[in-house]
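S.K.: I'd like to ask you about the structure that follows.
Numbering (the working numbering), first residue to last: 40 to 175.
Encoded structure:
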């Protein structure tokens, strides 16, 4: 018996409906991970730049408070693409000749509504710490 071609008219639509959610999930995942990677690179560079700014200044010109301010300002300059109210820069001196700059950022997710419905926060904490030894 020959198959009738009229029975296969809706097959394409059903296949499309089955594949479309997976495709959207894949695209959203790639976008979300790309944005989080951008935020991580920005936070990492900000911490490194803050530590570098703190170690190059001469200690006889600038006291510890001044060094902390310079390090925070330098780290803040590189975070222009991030939300400032979700950013925290901490400067520590574990030793006399060492400066440590930690940058923490609460990165908002594009899909935060889904995570909030499931009981999550809708954000991911990204942090980076840079430690450098003072020059001279």
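Ideal placement from N, C-alpha and C gives every residue a C-beta, glycine not left out. This structure is a prediction, so every number in the text was calculated from the model and none was measured.
So the candidates are 144, 133, 136, 138; which of them puts its Cα closest to the Cα of residue 124?
M.R.: For residue 124, the nearest C-alpha among the options comes from 144.
S.K.: I'd like to check one pair, residue 88 with residue 113: are the Cβ atoms closer than 7 Å?
M.R.: Result yes, Cβ atoms of residue 113 and residue 88 sit closer than 7 Å.
S.K.: Mind checking whether residue 95 and residue 138 have CB atoms under 7 Å apart?
M.R.: Contact flag unset, no.
S.K.: For residue 155 and residue 161, what's the separation of their Cα atoms in angstroms?
M.R.: Their backbone Cα atoms lie some 6 Å apart in a straight line.
S.K.: Look up residue 172 in the DSSP assignment and say whether it is helix, strand or coil.
M.R.: The answer is strand: DSSP assigns residue 172 an E or B state.
S.K.: Indicate whether residue 118 and residue 85 have their beta-carbon atoms separated by less than 7 Å.
M.R.: Yes; because the gap between Cβ atoms is below 7 Å, this pair is in contact.
S.K.: Are residue 106 and residue 167 close, meaning C-beta to C-beta below 7 Å?
M.R.: No, the Cβ-Cβ distance between residue 106 and residue 167 is not below 7 Å.
S.K.: Return yes when the Cβ of residue 136 is within less than 7 Å of the Cβ of residue 100, no when it is not.
M.R.: Cβ atoms of residue 100 and residue 136: not closer than 7 Å.
S.K.: Between the Cα of residue 126 and the Cα atoms of 147, 67, 68, which residue gives the shortest distance?
M.R.: Out of 147, 67, 68, 147 has the C-alpha closest to the C-alpha of residue 126.
S.K.: By DSSP's criteria, residue 162 is part of a beta bridge. Which residues make up the other side?
M.R.: 147, per the DSSP bridge assignment.
S.K.: Which runs of the alpha helix (DSSP H) fall wholly inside the stretch 55 to 121 and span at least 4 residues, in chain order?
M.R.: Complete alpha helix (DSSP H) runs here, min 4: 103 to 116.
S.K.: Once you ignore the five residues that flank residue 109 on each side, which residues in its own chain have a CB closer than 8 Å to its CB?
M.R.: Here the set comprises 92, 93, 96, 101.
S.K.: Contact defined as beta carbons within less than 8 Å: I believe residue 67 pairs with residue 122. What is the distance between those atoms, to the nearest angstrom?
M.R.: Contact doesn't hold; Cβ gap of about 20 Å is too wide.
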